[in-house]
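**Student:**
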Amino acid sequence: MTEKLKMEQNPLSATVEKIKEICPGAVTREGKIDFEELKTALRDDVTSDTIEKYEFTWVGKNTAKAEANRPIRKTLRPVIEDSKNWDTTQNLYIEGDNLDTLKLLQESYLGKVKMIYIDPPYNTGNDFVYCDEFSVGCEEYLDKKGQCDADGNRLFVNTETNGRFHSDWCSMIYSRLKIARDLLSDDGVIFISIDDHEVDNLKKICTEVFGYDNVETMVWHKIGDGDAGAGRMKIVNRFRTEHEYIVIAYKDKQNVFFNKLKEVPNFKNEYTNPDNDPRGPYKAGNMSKTEEKSSPNGKNYYSITSPDGANTYTRQWHYSKEEFEDLLKDNRIYWGKSGNAVPSIKIFVNEAREVVPVSLLENVGSATSANKYMETLFGVRIFNNPKPISLISKLLFEASNKDSVILDFFSGSATTAHAVMQLNAEDGGHRKFIMVQLPEKCEEDSEAFKAGYKNICEIGKERIRRAGEKIKSEHPDKDLDIGFRVLRVDSSNMKDVFYKPSDTTQKTLLDSIDNIKEDRSDMDLLFGVMVDCGLPLDMPIETRKCEGKKYYVVNGEDYLVACFEPEISEKLVYEIANLKPTIAVFRDSSFADAKDKVNVSEIFKNITGHDDCVKVL
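Numbered per the working numbering, the sequence shown finishes at 1820, counting up by one with no gaps.
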């Protein structure tokens, strides 16, 4: 039988499925939650609303929660002319409100994103903040101020005179983080840049969304030694702010293991080479606990005898017995001047070693260096206060794998995309990026507008193009993906009657059964189907023809095949069915009547062995 695609994204669907797995009786046949059954199943683990407890709240919080779960009827439309290497790239650049985008990505990227980095508005009183439906009185405010972009996305300057100054910001970030968490893999992590204006509130929100044990903080020293004023000669009344924060939230900290950087030790003292090791001078490092502090039942508790057999040391070591034997064979153990002292490990002055990431970020670029780099890339100061590439690259190296999906839904000038391409070139990785940015207008007196860039998205896309070509020229031997598919958030491809079949009149039934808006192309429909079916949006797409009719094969013949022709022939149906796709999609209006739909379903059932693969729009 044929089935209509829903063409509506519901962020709660994944949550309902999880509850169904854990407690099947708590989900009704219609897919609704039976809360009484759920409470019964949980019994003593349910808290009472009457018990007083510590709680972080603000005006509009409940509405922000509801906003995160509210379904939307929107889609992602491809913008091929703005894209680069459309057919082969696995990178995405999405223009539009990031709350809508996160909802649209829910099924396609649920649990697939290894790392998210975002640099949201800091709420300084001068920056734009997204104004969602949860902000009380927002529409009236915007009507007076006229702060909307060309697509109707609502923005406003959140000044400190606004009575909901912190509440509006908290509501904005809460709903987005709530959805973003679902996109993270089980070992996924999100890094959020922020300053003192909202760091306390952000940490509390992250604690609520991700759990108390899954939130940590790093400090970034944003002033470099070579920056103007770095000599601290500027007169201030108290102290100069030289730091920002990066709040880290893990999907589950127990599953996260950061990669360690290799660095040459920066020893302040001079060291010698007492046994003339060909690798040069070294420091003798501690490799054990003292015997007094060692536990016989502890990890790596064993005995080591000196080479001359004079002394035996029994204690807990920092290395396993096998690791110690390997170090001994490699002449990395120092037995002191006597030759039989407690063994130490040689740390060579000129040899890079693995370094555990630390919470203080220094020497990873500065605000000034990032501005200068953008000037070099564009010839003018095209964007204010981007983050330095080296900062994002460090986070990427530590928290991602070489094949990870990286998301930035406040992408700005696309520093994250730049850093992904740069790191791939350096370590041979194949990381993929998804950039999301609202097309905020550039001020007419800005250097960006004078240079021809009307909005921030145009700056971000151009930066990726320029940076990609630069990186490729510097690494001509590497097979790099420096392209990106551009997608744009828009209203649904379907007419209102698709969602309200009861409104269909006898006249419209006789005239046409086509539910699709007239201005939508085949590619618009195809990406709408991919979103609805939860398919990754970077999948390869092949166009084929049968009797002059186009159809599209997504990610190989056994995945998705779609045909949006107004009329289809039996030969075309058989050709598509013989590909044995998991999903086959047609226009509802391409069938003459219900009998035709049944016939097509039977053809697919006989060839594929499945009776549920045919879907209609």
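In this text, a Cβ means the ideal position worked out from N, Cα and C, and glycines have one as well.
Going by Cα to Cα distance, which pick from W1289, D1398 and L1386 is closest to K1315?
**Tutor:** A check of alpha carbon separations from K1315 across W1289, D1398 and L1386 identifies L1386 as the nearest.
**Student:** Output the distance between the C-alpha atoms of S1396 and K1798, rounded to the nearest integer angstrom.
**Tutor:** 58 Å
**Student:** From what residue to what residue does the beta strand (DSSP E) around L1580 run?
**Tutor:** Here L1580 belongs to no beta strand (DSSP E); instead the alpha helix (DSSP H) covers A1570 to F1581.
**Student:** Comparing alpha-carbon positions, which option in N1809, T1231, I1382 and L1563 lies nearest L1782?
**Tutor:** N1809
**Student:** Relative to the C-alpha of C1736, which candidate in N1469, L1313 and E1258 has its C-alpha closest?
**Tutor:** L1313
**Student:** Which partner residues of M1421 appear in the DSSP bridge assignment?
**Tutor:** According to DSSP, which records beta bridges pairwise, M1421 is partnered with I1449.
**Student:** Whole angstroms are fine: how far does the CA of D1630 sit from the CA of F1789?
**Tutor:** 44 Å
**Student:** What first and last residue would you give for the alpha helix (DSSP H) that runs through Q1625?
**Tutor:** For Q1625, the uninterrupted alpha helix (DSSP H) segment begins and ends at T1618 to D1630.
**Student:** Judging by CA-CA distance, which residue of T1304, C1226 and C1373 is the nearest neighbour of A1267?
**Tutor:** Among T1304, C1226 and C1373, the Cα nearest to that of A1267 is on C1373.
**Student:** Can you look up S1374 in the DSSP assignment and give me helix, strand or coil?
**Tutor:** helix
**Student:** In this structure, what does DSSP give as the bridge partners for S1614?
**Tutor:** In DSSP, S1614 forms no bridge with anything.
**Student:** Does the CB of A1452 have a neighbour CB from chain C at under 9 Å?
**Tutor:** No chain C is part of this structure, which consists of one protein chain only.
**Student:** Under 8 Å, with one C-beta from each stretch per pair, do the region 1657-1672 and the region 1268-1284 reach the 3-pair mark?
**Tutor:** no
**Student:** Taking contact to mean at least 3 C-beta pairs separated by less than 8 Å, is the region 1396-1405 in contact with the region 1283-1303?
**Tutor:** no
**Student:** Quick check: T1278 and N1696, are their CB atoms within less than 9 Å of each other?
**Tutor:** yes
**Student:** When the Cα atoms are used, what is the spatial distance from S1311 to V1732?
**Tutor:** 11 Å
**Student:** Beta-carbon separation of E1745 and L1775 under 9 Å?
**Tutor:** Taking 9 Å as the cut-off, the Cβ atoms of E1745 and L1775 do not count as close.
**Student:** How would you call L1531, buried or exposed, if buried means at least 16 neighbouring beta carbons within 10 angstroms?
**Tutor:** exposed
**Student:** Which residues mark the beginning and the end of the alpha helix (DSSP H) in which G1731 is found?
**Tutor:** D1725 to C1736
**Student:** Just to check my reading of the structure: L1302 and R1379 have Cβ atoms closer than 8 Å, yes? What is that Cβ distance to the nearest angstrom?
**Tutor:** Confirmed, about 6 Å.
**Student:** I need the straight-line Cα distance from I1771 to E1778, nearest angstrom please.
**Tutor:** 11 Å
**Student:** Do you know how far the Cα of N1574 is from the Cα of E1588?
**Tutor:** The residue asked about is misnamed: residue 1588 is Asn in this sequence, not Glu. C-alpha of N1588 to C-alpha of N1574: approximately 6 Å in a straight line.
**Student:** Quick check: what's the CA-CA separation for K1425 versus S1523?
**Tutor:** 40 Å
**Student:** When you measure from the CB of I1548 to every non-hydrogen atom of the ligand NAP, does any distance come out below 8 Å?
**Tutor:** Among the components of this structure there are no ligands whatsoever, and the ligand NAP is therefore not found.
**Student:** Roughly how many angstroms lie between the CA atoms of K1675 and V1559, to the nearest whole one?
**Tutor:** 31 Å
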